[in-house]
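Novice: Would you mind keeping the following structure in view while I ask a few things?
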Amino acid sequence: MKIALIDGSPKVTNSTSSALLGDLKEYLAEKTEIVNFGVHSSEISKEAIEELAKTDAWVFAYPLYLDGIPGHLLACLIQLEEACINNPQIHIYGIANCGFYEGIQAELALKLLQNWSLKASFIWSGGIGVGGGGGLAMMPKLNPGHGPKAPIDKALADLSDVVMKGEVQENNYVSVAFPRFLYKFGAQMGWRRMIKANGGKVKDLGKKPE
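Shown next as structure tokens:
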């Protein structure tokens, strides 16, 4: 089986989407052939499209942007649709992450990918909505299934099993095993550090556009 892991984050490096795909890859069987694709701009090369057409499953990972899919990734989806890839047996999976605590906030972003899959004549096979994505990069690296990432690790393990079997799952929404108020507090601290690092003041965070 040949699986394409597609990083749809606009960030070229150190993105949550990339980290989630890396974690998913650890659960996929060694005999599975994996091809990695970085979709960081609004265009996919002809060579990449030809390579994607030879795979059995596409796993898209991307951040939530205004309740939807990042604009550059939408442009690439349109390009893939117009390429008329003659392989209706390709399974499409999605991993949408968001900075909100609740994974259900990514519901619409997954439904957009689902609608595209059906329109492009592929097999929509389900996905994961990951809440607390903004804090994943700062969490300590622990063994899978332990610590704040435990629910996400389980969701990725379950998804990997579905992908390898060529099956379909219902969308699964998860979050970090971390109290909501502490997650919110950590996010606020992060914004304060960021604005200070960029020469601003904490009080400026509450300013409204004139």
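Going by this note's numbering, the first residue of the sequence shown is number 7, and it counts up by one from there.
Using N, Cα and C, we set each Cβ at its ideal position, and we do this for glycine too.
All values reported here derive from a predicted model rather than from experimental measurement.
Please state whether DSSP places Ser101 in a helix, a strand or coil.
Specialist: By 1-based counting over the sequence shown, the position of residue 101 is 95. According to the sequence shown, residue 101 is Ile rather than Ser. It is a strand residue.
Novice: Straight-line CA distance for Asp62 to Phe184?
Specialist: Looking up residue 62 in the sequence shown gives position 56. Looking up residue 184 in the sequence shown gives position 178. Rounded to whole angstroms, the separation of the alpha carbons of Phe184 and Asp62 is 36 angstroms.
Novice: Does Ala203 pass the burial test, meaning 16 or more other C-beta atoms within 10 Å, or should it be called exposed?
Specialist: What you label residue 203 is simply residue 197 of the sequence shown in a count that begins at 1. Around the beta carbon of Ala203, a 10 Å sphere encloses fewer than 16 other beta carbons of the protein chains shown; the residue is thus reported as exposed.
Novice: Cα-Cα, which of Cys90, Ala67, Glu49 is closest to Phe128?
Specialist: Residue numbering aside, residue 128 sits at position 122 when the sequence shown is read from its first letter. Out of Cys90, Ala67, Glu49, the CA that lies nearest to the CA of Phe128 is found in Cys90.
Novice: Could you tell me which residues DSSP pairs with Lys213 in its beta bridges?
Specialist: Walking along the sequence shown from the start, residue 213 turns up at place 207. According to DSSP, Lys213 bridges with nothing at all.
Novice: For a quick check, are the C-beta atoms of Gly135 and Val168 less than 9 angstroms apart?
Specialist: Residue numbering aside, residue 135 sits at position 129 when the sequence shown is read from its first letter. Residue numbering aside, residue 168 sits at position 162 when the sequence shown is read from its first letter. No, these two residues do not count as a Cβ contact at 9 angstroms.
Novice: Going by C-alpha to C-alpha distance, which of Ile9, Leu119, Ile158 sits closest to Gly109?
Specialist: For this step, residue 109 is matched to residue 103 along the sequence shown. The shortest Cα separation from Gly109 among Ile9, Leu119, Ile158 belongs to Ile158.
Novice: Of the residues Trp122, Lys207, Gly14, Lys171, which one's Cα is nearest the Cα of Ile101?
Specialist: Taking the sequence shown and counting its residues from 1, one reaches residue 101 at position 95. The shortest C-alpha separation from Ile101 is found at Gly14.
Novice: Can you grab the Cα-Cα spacing for the pair Ser47 / Ile75, in whole Å?
Specialist: By 1-based counting over the sequence shown, the position of residue 47 is 41. By 1-based counting over the sequence shown, the position of residue 75 is 69. If I take the Cα positions, the gap works out to 13 angstroms.
Novice: Compute the Euclidean distance between the alpha carbons of Lys8 and Ile40, then round it to the nearest angstrom.
Specialist: As a position in the sequence shown, residue 8 is number 2, starting the count at 1. As a position in the sequence shown, residue 40 is number 34, starting the count at 1. About 6 angstroms.
Novice: Short of 6 angstroms in beta carbon distance, which residues of its chain neighbour Asn42, apart from the five on each side in sequence? Order them along the chain.
Specialist: The sequence position of residue 42 within the sequence shown is 36, counting from 1. For Asn42, where only same-chain residues beyond five positions count, the Cβ hits under 6 angstroms are Leu11.
Novice: At which residue ranges does the region 14 to 43 contain complete alpha helix (DSSP H) runs of 4 or more residues, listed in the order of the chain?
Specialist: 22 to 33
Novice: Counting C-beta neighbours from all protein chains within 10 Å, is the total for Asn20 16 or more, i.e. buried, or is it exposed?
Specialist: By one-based count along the sequence shown, residue 20 stands at place 14. Counting Cβ neighbours within 10 Å, Asn20 comes out exposed, since fewer than 16 surround it.
Novice: Label Lys207 either buried or exposed according to how many other C-beta atoms from any shown protein chain fall within 10 Å of its C-beta, with 16 as the threshold for buried.
Specialist: As a working mapping, residue 207 is identified with position 201 in the sequence shown. By the 10 Å Cβ count, Lys207 comes out exposed.
Novice: Below 6 angstroms CB to CB, which residues in the same chain sit around Gln111 once its five sequence neighbours on both sides are set aside?
Specialist: Start at 1 with the first residue of the sequence shown, and residue 111 comes out as number 105. Contacts found: Cys104.
Novice: Taking the DSSP output, what are the residues bridged to Pro94?
Specialist: Taking the first residue of the sequence shown as 1, we reach residue 94 at position 88. Per the DSSP secondary-structure output, Pro94 pairs with nothing in a beta bridge.
Novice: Distance check for Glu57 and Trp64, CA to CA, integer angstroms please.
Specialist: Counting from one through the sequence shown, the residue named residue 64 turns up at place 58. Counting from one through the sequence shown, the residue named residue 57 turns up at place 51. So the two alpha carbons sit approximately 11 angstroms from each other.
Novice: Which of the three DSSP states is assigned to Ala67 in this structure?
Specialist: The residue given as residue 67 occupies position 61 in the sequence shown. Strand at Ala67.
Novice: Mapping DSSP to helix, strand and coil, what is Ile158?
Specialist: The residue you call residue 158 lines up with position 152 of the sequence shown. Ile158 falls in the helix class under three-state DSSP.
Novice: Rounded to whole angstroms, what's the CA-CA distance from Ile84 to Gln175? Just pull it up for me.
Specialist: Counted from its first residue, the sequence shown places residue 84 at position 78. Counted from its first residue, the sequence shown places residue 175 at position 169. Looking at the two C-alpha atoms, the distance is approximately 24 angstroms.
Novice: Going by Cα to Cα distance, which pick from Leu118, Ala54, Leu26 is closest to Ala156?
Specialist: As a working mapping, residue 156 is identified with position 150 in the sequence shown. Closest by alpha carbon: Leu26.
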